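Each number in the numbering used here corresponds to the 1-based position in the sequence shown with 1 added. Where is the CB? At the ideal position from N, CA and C, for every residue including glycine. Predicted model only: the values in this text are computed from it and were never measured.
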Amino acid sequence: MDLVRKHTPPPARRRPCILVRAGGTLEAALISDRRDGHLEAWRTVAPLPADRPAAMRAALVVGPEGFRVDPKASPDNKYIDRVHPVDPARARAQHHDLVEALGRIGLPVLRVAGLPGQDDAVFVNNAFGTIPRRLIAGSMRHPGRRSEPERREIRELFAGGFGYEIVDLRSRGVTAELTGALVIDRPRGIGFCGLSQRADEEGCRAMHEAFALRITFALRLKRDEYHTNVVLAILAGRAAVVRLPAFEEPQLGPLLHEIYDGRVLELTEEETLAFAGNCLAVTPQDVMMSVTAERKLRPESRAKILSWGFRLHAVDVSEFEKAGGSLRCLIAEIF
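Below is the structure:
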């Protein structure tokens, strides 16, 4: 592995929300799983302090060695291109360019080589996630991906080299594909978990605990959506990018507008299909998305992102988009 530095769902049970307070301070939070109760839940805990890091301090990526698209895999992913094969040389070049782009912004990048037989391991954010001093291993829905969170060299590096605790969600018998299914407002500890085949109700609860969140909204995705991070992004805790029709949640629009003081970009279907929702604030000022997404942004969408104080960076990851994921999916954030 190389350290590259700069220039190198099942229906949810209706149960009451759970709020735990200790000494008058919010310690452990609240999972809101009632579609008619999200606004009430938010108002119970708001305002939350923005006292956690807004963006990662480094990135973890897995190289495209072994990457391919299996036309029969992931039948729940409508974004897969099942017609055009991957060009391995182009995929390697694009992955290299992504690492370089992160370096130019100033982020160290930990690159681990891919393995034969792990077709989708490049989408590392489903297998591994972090908070300060903790590495979280996900629990994958499809059998072909279940070996990805077992990567010994990643576990040993974080545990032995960095002194991180390891929390393995596979032992809990849940489905929890980490920051594919769970979109996080990092500064305030707010989770938005899309319930689908990639995150069940208990997986949502397990991720809420593992990421030490203060409040998590369990959101029902439409049946033809698979990962929340394709249709929702939270930009450094300051703004939201969302495709509202992807959710069966009538309160989601008002909720986001209330949490983010109106700083909400509502995507069109065309923008969503081009992966505009699969963007990531890699620093508190820098937002990255794919070239595919950037080209489909409406002028008013681009203007909104810039008006919120972000710089926009586009990287071509079109070979990986053939597998149904885009730029955000390729990066696991290290906190």
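Look up Ser-197 in the DSSP assignment and say whether it is helix, strand or coil. Counting from 1 along the sequence shown, the entry for residue 197 is found at position 196. The three-state reading of DSSP puts Ser-197 in strand, counting E and B together.
Close Cβ partners of Gly-325 (< 7 angstroms) along its chain, the five nearest in sequence each way excluded: Start at 1 with the first residue of the sequence shown, and residue 325 comes out as number 324. Here the set comprises Ser-75, Asn-78, Tyr-80, Ile-81.
So the candidates are Glu-322, His-314, Ile-260, Leu-328; which of them puts its Cα closest to the Cα of Val-84? Reading the sequence shown from its first residue, position 83 is the one you call residue 84. With respect to the C-alpha of Val-84, the residue from Glu-322, His-314, Ile-260, Leu-328 having the closest C-alpha is Glu-322.
Measure the alpha-carbon distance for Cys-18 versus Arg-206 and round it to whole angstroms. Translated into positions along the sequence shown, residue 18 becomes position 17. Translated into positions along the sequence shown, residue 206 becomes position 205. The pLDDT assigned to Cys-18 is 41, lower than 50, so where the model puts this residue is not dependable; a value taken from the coordinates is nonetheless given after this. The alpha-carbon of Cys-18 is positioned some 12 angstroms away from that of Arg-206.
Cα separation between Gly-161 and Cys-280? The count along the sequence shown starts at 1 and reaches residue 161 at position 160. The count along the sequence shown starts at 1 and reaches residue 280 at position 279. Computed Cα separation, rounded: 31 angstroms.
If we count Cβ pairs, one from each stretch, closer than 8 angstroms, do we get three or more for the stretch 145–154 versus the stretch 88–97? The stretch 145–154 vs the stretch 88–97: no contact.
Once DSSP output is grouped into helix, strand and coil, what is the label at Phe-336? On the sequence shown, position 335 is the one that residue 336 refers to. DSSP places Phe-336 in coil when its eight states are reduced to three.
Pull up the distance between the alpha-carbon of Pro-188 and that of Pro-48, whole angstroms please. Here residue 188 refers to the residue found at position 187 of the sequence shown. Here residue 48 refers to the residue found at position 47 of the sequence shown. Spanning the two alpha carbons is a distance of roughly 12 angstroms.
Neighbourhood of Ala-128 by C-beta distance below 6 angstroms, restricted to the same chain and skipping five residues each side: As a first step, residue 128 is located in the sequence shown; it is residue number 127 there, counting from the start. Short of 6 angstroms from the beta carbon of Ala-128, and not among the five residues preceding or following it, lie these beta carbons of its own chain, in chain order: Gly-139, Glu-149, Pro-150.
Determine the closest residue to Phe-248 out of Glu-271, Leu-233, Gly-118, with distance taken between C-alpha atoms. For the purposes of this step, residue 248 is identified with residue 247 of the sequence shown, where counting begins at 1. Of Glu-271, Leu-233, Gly-118, the residue nearest in Cα terms is Leu-233.
So what does DSSP say about Gly-204, is it helix, strand or coil? Mapped onto the sequence shown, residue 204 falls at position 203. Helix, per DSSP.
Nearest by alpha-carbon distance to Gly-190: which of Leu-274, Arg-296, Gly-238, Arg-93 is it? On the sequence shown, position 189 is the one that residue 190 refers to. Across the set Leu-274, Arg-296, Gly-238, Arg-93, the C-alpha of Gly-238 shows the shortest separation from the C-alpha of Gly-190.
Look at the alpha carbon of Asp-317 and the alpha carbon of Met-289, and state the distance between them as a whole number of angstroms. Residue numbering aside, residue 317 sits at position 316 when the sequence shown is read from its first letter. Residue numbering aside, residue 289 sits at position 288 when the sequence shown is read from its first letter. Straight through space, the alpha carbons of Met-289 and Asp-317 are spaced by roughly 11 angstroms.
Is the stretch 306–316 in contact with the stretch 283–297, if contact means three or more CB pairs nearer than 8 angstroms? The stretch 306–316 vs the stretch 283–297: in contact.
Simplified DSSP assignment, three categories, for Leu-257: To locate residue 257, count along the sequence shown from 1; it is residue 256. In the structure shown, Leu-257 sits in a helix (DSSP, three-state: H, G or I).
If the criterion is Cβ atoms closer than 7 angstroms, does the pair Phe-218 and Ile-132 meet it? Mapped onto the sequence shown, residue 218 falls at position 217. Mapped onto the sequence shown, residue 132 falls at position 131. No, they are not a contact pair.
So what does DSSP say about Phe-129, is it helix, strand or coil? Here the question's residue 129 lines up with position 128 in the sequence shown. DSSP places Phe-129 in strand when its eight states are reduced to three.
Reduced DSSP secondary structure (H/G/I, E/B, other) of Ile-137: The residue given as residue 137 occupies position 136 in the sequence shown. Here Ile-137 sits in strand by DSSP.
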